[in-house]
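Protein chains in written order, with the numbering used here: chain A, 1 to 145; chain B, 146 to 290; chain C, 291 to 435.
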Amino acid sequence: MSDTVMRWLCDLEELRRLTQRYARAIDARDIDAVAALFDPQGSVDGARGGTTVPVYLDGLRTGERVFASSMHVLGDPLIKLEQGADAGRMDTYAVVYQLRPAGAPESELVLGIRYLDDVVRLGGGWVIHHRRAVTLWTRSSAPAS
Amino acid sequence: MSDTVMRWLCDLEELRRLTQRYARAIDARDIDAVAALFDPQGSVDGARGGTTVPVYLDGLRTGERVFASSMHVLGDPLIKLEQGADAGRMDTYAVVYQLRPAGAPESELVLGIRYLDDVVRLGGGWVIHHRRAVTLWTRSSAPAS
Amino acid sequence: MSDTVMRWLCDLEELRRLTQRYARAIDARDIDAVAALFDPQGSVDGARGGTTVPVYLDGLRTGERVFASSMHVLGDPLIKLEQGADAGRMDTYAVVYQLRPAGAPESELVLGIRYLDDVVRLGGGWVIHHRRAVTLWTRSSAPAS
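Encoded structure:
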């Protein structure tokens with residue numbers, strides 16, 4: 001039994017890490033690094049409706065960049081994972097700062113987002129099979145002075 | 146000894162989970178779910194003074210709702226727990242967004258709160274025996290545009 | 291092997307704890323507590339350039355206090371640590387609220403900061419050997435109403 005518990009504790013660490021890796025990858029606009037976090041067979045539901053993971057990644061690669069940079073500040077995920085399981089759920093609160101270049105006159109945007117992720121073990125690691133991103137609030141604010 | 150360490154690691158995971166379950170329960174206004182996180186013999190000290198857990202829960206159930214919804218973004222708790230112990234302390238930073246309905250003209254409220262929790266093992270799980278919630282700052286802001 | 295894994299899990303818990311201890315120490319302006327988190331042989335790169343840990347700590351002790359208090363809300367660190375290793379890296383997102391006394395007319399400051407820490411095992415615990423603090427954004431805001 002203790003091996004199962006230890007495996008479970010390591011899984012929780014990897015899932016927590018998955019959450020933070022997403023934040024770093026998306027903020028660096030490193031779409032290959034984002035791709036490594038998702039199941040290629042998976043899907044994503046966001047503000048613009050649902051799509052497959054490949055289409056979601058293409059959108060990130062080719063989409064117009066409205067903001068100069070971003071910072072995804074993610075809370076600790078609430079992880080639902082049975083011991084020994086190969087699938088689980090994560091519920092993560094995020095505050096996302098969408099930033100303008102220094103000195104830009106346009107207002108910046110801050111969003112409160114909840115990520116509801118179905119995660120699966122794949123090839124020895126964990127990936128997001130389905131993500132639902134729910135925007136709880138948005139707020140525009142004056143640029144930094 | 147290794148069983149004690151593993152138990153301790155599982156306890157830390159459950160305590161971290163307790164923190165996030167509180168955020169989800171209070172934001173869903175699911176007071177039964179909030180109740181499950183507190184020791185019925187416990188107490189809560191907040192902005193309106195101290196009270197017992199049952200009175201605190203009654204206040205949540207019957208209190209006037211000023212805001213339409215909320216998002217409690219909680220940092221990772223600083224956990225003080227000896228190996229093998231049945232009681233510990235958690236110190237958690239939170240930024241709480243109190244939100245208006247979309248389009249409402251009233252300003253919204255953001256609070257910086259520190260939760261100082263005495264936690265105890267009860268019936269196989271962990272609950273909050275005493276909570277002190279300290280409001281570090283409050284800020285009102287224009288509603289989302 | 292299982293002892294190595296368990297040691298690694300305990301190391302991750304201590305590193306996570308190091309992150310939160312920093313926030314509590316700096317917000318309490320308890321510079322002795324900050325000092326306990328850094329390698330005395332280490333260095334810190336921040337907004338004002340690089341310096342040794344002793345000089346950094348002296349700056350904290352003697353520097354002019356512009357703000358009355360602060361709240362360092364730190365996300366879960368992204369930890370890079372091999373099993374059995376005595377050195378690792380942490381990448382932590384922070385939102386730092388720099389606060390005025392209640393009623394002060396001056397605007398407050400909120401900063402988005404990324405801490406990139408080289409951590410080492412020292413004397414049975416973990417300390418920060420090198421910190422690079424990168425300010426991603428700053429924003430001034432009206433004081434609380």
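A virtual CB, placed ideally from N, CA and C, is assigned to each residue, including glycine.
In terms of Cβ geometry, A:V96 and A:L111 form a close pair [threshold 8 Å]. Under the Cβ criterion of 8 Å, A:M6 is counted among the residues facing chain B. Here the alpha carbons of B:A181 and B:R259 stand approximately 21 Å from one another. Listed in chain order, the non-local C-beta contacts of A:L109 below 6 Å within the same chain comprise Q98 and S140, local neighbours out to five positions each way being set aside. Across the set B:D172, B:G270, B:L226 and B:P250, the C-alpha of B:D172 shows the shortest separation from the C-alpha of B:S214.
Within 10 angstroms of the beta-carbon of A:P77 lie 16 or more other beta-carbons, which makes it buried. The Cβ of C:V345 sits no closer than 8 Å to any Cβ of chain B.
Taking C-alpha positions only, C:P391 is separated from C:D408 by approximately 35 Å.
Straight across, the Cα-Cα distance linking A:H129 with A:F38 is about 6 Å.
Taking CB atoms only, A:S141 has a neighbour in chain C less than 8 Å away. Looking only at A:D45, A:E82, A:A23 and A:G103, the smallest Cα-Cα distance to A:V73 is reached by A:A23.
The continuous beta strand (DSSP E) containing C:P330 extends over residues F328 to G336.
DSSP places C:S397 outside both helix and strand once states are collapsed to three, so it counts as coil.
Only those residues of the region 360-388 of chain C whose C-beta falls short of 7 Å from the nearest C-beta of chain A are listed: G365, D366, L368, D381, Y383 and V385. The C-beta of A:G112 comes closer than 8 Å to at least one C-beta of chain B. For chain A, the residues of the region 148-173 of chain B that bring a beta carbon within less than 8 Å of one of its beta carbons are D148, M151, L154, C155, E158, R161, R162, T164, Q165, R166, A168 and R169, in chain order.
Within 7 Å of the CB of A:W126, no CB atom of chain B is found; the nearest one sits about 16 Å away. DSSP places A:G124 in the coil class of the three-state scheme, outside both helix and strand. No residue range can be given for C:Q373, since it is assigned to no beta strand (DSSP E) and is classified by DSSP as neither H nor E.
At a cut-off of 8 Å, the C-beta of A:L136 has a neighbouring C-beta in chain B. Your pair A:M90 and A:L136 does not check out as a contact, with CB atoms roughly 17 Å apart and the cut at 8 Å. Residue pairing for B:Q165: DSSP places it in no beta bridge. Judged by their CB atoms, A:V53 and A:G42 are nearer to each other than the 8 Å cut-off.
Approximately 6 Å separates the beta-carbon atoms of B:L163 and B:W271; this is inside 8 Å, confirming the contact. Exclusion of the five residues before and after A:Q20 leaves L74 as the residues of its chain whose Cβ lies within less than 8 Å of its Cβ.
Looking only at A:G124, A:S107, A:V120 and A:R131, the smallest Cα-Cα distance to A:V66 is reached by A:S107.
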